[in-house]
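Input: a single structure, listed below in structure tokens.
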Amino acid sequence: MCGIVGYVGTRNCVPVLLDGLQRLEYRGYDSAGIAVLDGGSLSVHKRAGKVADLRAMIDHGTIHGTVGIGHTRWATHGIPSDMNAHPHLDCSGSIAVIHNGVIENYASLKTRLQSQGHVFRSDTDTEVLAHLVEEQYGRSGRLDHAVRSALAQVTGTYGLIAMSTRDPEMLVVARRGSPIVIGYGAEEVFVASDPSALVQHTRSVSYLEDGEVAVVRRGGVETKTLDDVQIRKEVQQLTFDLEEIEKGGYAHFMLKEIHEQPETIANALRGRLLAEEGQAKLGGLDPALGTLDRARRLILTACGTSWHAALIGEYMLEQYARIPAEVEYASEFRYRNPVLDGNDAVMLISQSGETADTLAALHEARRRGAAVLGVCNVVGSSIARETDAGVYVHAGPEIGVASTKAFTSQLTVLALITLLLARRKGMSPSEGRTLVAALQRLPEQAREIVAAGEAVASIAREFAHARNFLYLGRGYNFPVALEGALKLKEISYIHAEGYPAAEMKHGPIALIDENMPVVFIAPHDGTYDKVLSNIQEVKARKGRVIAIVNEVDEQIRSLADHVIVVPPTLDLLTPILTIIPLQLLAYHIAILRGCNVDQPRNLAKSVTVE
Ligand code: G6P
4 MCGIVGYVGT
14 RNCVPVLLDG
24 LQRLEYRGYD
34 SAGIAVLDGG
44 SLSVHKRAGK
54 VADLRAMIDH
64 GTIHGTVGIG
74 HTRWATHGIP
84 SDMNAHPHLD
94 CSGSIAVIHN
104 GVIENYASLK
114 TRLQSQGHVF
124 RSDTDTEVLA
134 HLVEEQYGRS
144 GRLDHAVRSA
154 LAQVTGTYGL
164 IAMSTRDPEM
174 LVVARRGSPI
184 VIGYGAEEVF
194 VASDPSALVQ
204 HTRSVSYLED
214 GEVAVVRRGG
224 VETKTLDDVQ
234 IRKEVQQLTF
244 DLEEIEKGGY
254 AHFMLKEIHE
264 QPETIANALR
274 GRLLAEEGQA
284 KLGGLDPALG
294 TLDRARRLIL
304 TACGTSWHAA
314 LIGEYMLEQY
324 ARIPAEVEYA
334 SEFRYRNPVL
344 DGNDAVMLIS
354 QSGETADTLA
364 ALHEARRRGA
374 AVLGVCNVVG
384 SSIARETDAG
394 VYVHAGPEIG
404 VASTKAFTSQ
414 LTVLALITLL
424 LARRKGMSPS
434 EGRTLVAALQ
444 RLPEQAREIV
454 AAGEAVASIA
464 REFAHARNFL
474 YLGRGYNFPV
484 ALEGALKLKE
494 ISYIHAEGYP
504 AAEMKHGPIA
514 LIDENMPVVF
524 IAPHDGTYDK
534 VLSNIQEVKA
544 RKGRVIAIVN
554 EVDEQIRSLA
564 DHVIVVPPTL
574 DLLTPILTII
584 PLQLLAYHIA
594 ILRGCNVDQP
604 RNLAKSVTVE
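Numbered according to our numbering, the sequence shown spans residues 4 to 613.
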């Protein structure tokens, strides 16, 4: 949520900043702006709209500077407009600040600063930071001291960069709650909210922790706490390649990521299956195995698509590992005074590892003494770093705002965790081997589904103008109904609801008429016959049925208007396959409706505000 970049070095920073913003645009795309130190003064360009609009407005020959910052915004305070775009300046125009997060006490700070004569130009919370730094600069005479003193007055979250004409060789970077990564080159340093903006320049990075402030100069970086205590930062190497964050011939990141799933599922499994023992090996979970064996209950908590993965994880873990499991929205969990203590374990599931509510749930769980475990995609992310133990899903960078490959990788890892714990709780070796064999078949089965994607595209053409959609499934595929509906509404703006198929009779059935497409997720599992009855109920009311099935039997042929066949697998693994056609359906419908699937309106990839 909001992308930020900074550069101090020897080359002209304008292209570096614009390219970095382009890569970060999935974090927010309401407006974009840069500030560059050009001949002793700040050259600031910003406007509502996409990074491409900013690029078009900049006359590339005329701005030149070796120190600069850039921002792409996801609006929280103040509408998307030129005026509210970052960077924000102090009264004198000599200090520029970009910020990701929310300054919670901005209103009282703004009132005080205004009463002292500061003139505000925007409606944002961020602008108070520029004026606070201005105020403190007068007292301390150094940008880093001024930023530290300003932050001492602030409550809320921030990942920020400040620069000033009075300390021209320096960027000051600070973090509380919003990620910051620093990349080291030769005689140049890069700052960003996400490594994807840096990887084309350097692989050597360090991550700022909460409460740290870094002074970034061409020759190096000095990091201190807010209280001025020096810290030594470890430099790590980024392991992903540039190709992984480019479209590679696909029209959209989302389509590329859907098609990557045969590989990403394989990557989630790689090196983790012990075929002969019928067991899984998850080194990252080792430190927590004793705790998990003893745990009274396991609470899975997450947001969005990751929350849907958690629901499926609950079904898997209860059925096979017999661990009492519960699923909570992270945003609810942290505020409802949960009964939780050292006998419980809490598992945070997050693609980005940075979602503010999930991170806050982690802190709440830890405060109450529970063991905290993570299932994350982004290596080195806040949640991955702060948990006691965990498993990476290894899906590679996910750029499309609507999560696809991260979801199937999360499910694959949850199945591995289930296998590992179930075998420790009495699952027989032969049952374990059956599960291992089924997991091993998944990548090939996913490949078959994406290869048959054209059939889904033709169904999409028939339904692209629908105003509503209903998604129904049972058991393991009830959360798939939720996720299928979420995909469609996120990117096509069609209203869609997911329901447990039998619950339809308690409300949604009233909506069914000849205009209502109903997607049934009906693999040949233990609930198949029941779902067939639900399909009958929809057909009796003239609903139009699209069914995801394992085979086209007589009944389904006579009932469904369209069928999409996916290969059969064990019940607990069906969601990993049944969701793929639903991702494709949402994608194709959104394209037919002319929507921007990679950057759907109002959404952001990583929600780092509450
Ligand atoms: C945002 C994204 C979703 C994602 C959710 C949780 O809403 O648009 O795709 O599922 O955040 O994100 P996380 O990174 O914690 O999985």
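Cβ coordinates follow ideal geometry from the N, Cα and C atoms, glycine included.
Beta-carbon proximity check, residue i vs residue j, cutoff 9 Å
i: V192; j: L154; result: no
i: A607; j: V404; result: yes
i: A177; j: Y187; result: no
i: L585; j: Y474; result: yes
i: T182; j: L211; result: Correcting the residue identity first, residue 182 is Pro in this sequence and not Thr. Yes, Cβ-Cβ distance for P182 and L211 is below 9 Å.
i: A368; j: V375; result: yes
i: T226; j: S309; result: no
i: V483; j: P578; result: yes
i: I515; j: Y590; result: no
i: G81; j: F243; result: no
i: G214; j: L229; result: yes
i: S209; j: V238; result: yes
i: G12; j: R221; result: yes
i: A469; j: M507; result: no
i: Q25; j: A55; result: yes
i: L174; j: V194; result: yes
i: L422; j: L438; result: yes
i: I386; j: L365; result: yes
i: D128; j: G96; result: no
i: S167; j: I98; result: yes
Under the three-state DSSP convention, the category residue i falls into
i: K259; result: helix
i: T75; result: strand
i: M166; result: strand
i: A467; result: coil
i: C16; result: helix
i: S199; result: helix
i: M173; result: coil
i: P327; result: coil
i: A291; result: helix
i: Q239; result: strand
i: Q25; result: helix
i: E225; result: strand
i: A589; result: helix
i: F123; result: coil
i: K49; result: strand
i: R596; result: coil
i: Q156; result: coil
i: H366; result: helix
i: H397; result: coil
i: R58; result: helix
i: Q139; result: helix
Selection from the options that minimises the alpha carbon distance to residue i
i: E517; options: D41, K545 and I402; result: K545
i: R325; options: E335, A333, Y332 and L301; result: L301
i: P90; options: A55, E138 and I37; result: I37
i: H102; options: H148, R142 and V8; result: V8
i: L373; options: P341, E457 and E279; result: Sequence inspection shows Ala at residue 373; the Leu mentioned does not correspond to that position. If we check each option's Cα against that of A373, P341 comes out closest.
i: E457; options: L573, T242 and L258; result: L258
i: I268; options: L414, Y323 and V136; result: L414
i: Q117; options: V105, N108, N15 and H134; result: H134
i: S125; options: S152, T114, S84 and I420; result: S84
i: V349; options: G316, Q322 and S355; result: G316
i: K533; options: A271, G478, V522 and D128; result: G478
i: N270; options: H397, E389 and E263; result: H397
i: Y332; options: M319, D347 and H311; result: H311
i: V330; options: L343, T304, E557 and E138; result: T304
i: L45; options: Y29, D93, R14 and A88; result: D93
i: I559; options: Y531, I582 and A298; result: Y531
Nonlocal neighbours in the same chain, by C-beta distance under 6 Å from residue i, ignoring five residues either side
i: T407; result: E260, I261 and Q586
i: F481; result: P503
i: R426; result: Q282 and G435
i: I592; result: A463, A467 and S495
Residues near residue i in its chain [Cβ-Cβ closer than 8 Å; skip 5 each side]
i: V17; result: I37, V39, I61, H63, I66, H67, G68 and G71
i: L540; result: Reading off the sequence, residue 540 comes out as Glu, not Leu. Closer than 8 Å at the Cβ level, and outside the excluded window around E540, lie M507, K508 and I512.
i: L245; result: V202 and Q203
Close beta carbons around residue i, own chain, < 7 Å, minus the five adjacent residues each side
i: Q240; result: R206 and S207
i: R596; result: A467 and S495
- Item | Segment contact, 8 Å Cβ cut-off, at least three pairs: the segment 439-459 with the segment 498-513 | Too few Cβ pairs lie closer than 8 Å, so no.
- Tell me, please, whether the segment 565-578 touches the segment 534-553 by the rule of three or more beta-carbon pairs shorter than 8 Å. At 8 Å Cβ cutoff, the stretches touch.
- Query: Are at least three pairs of beta-carbons, each pair with one atom in the segment 280-297 and one in the segment 424-434, less than 8 Å apart?
  - Reply: Cβ pair count under 8 Å is three or more, so yes.
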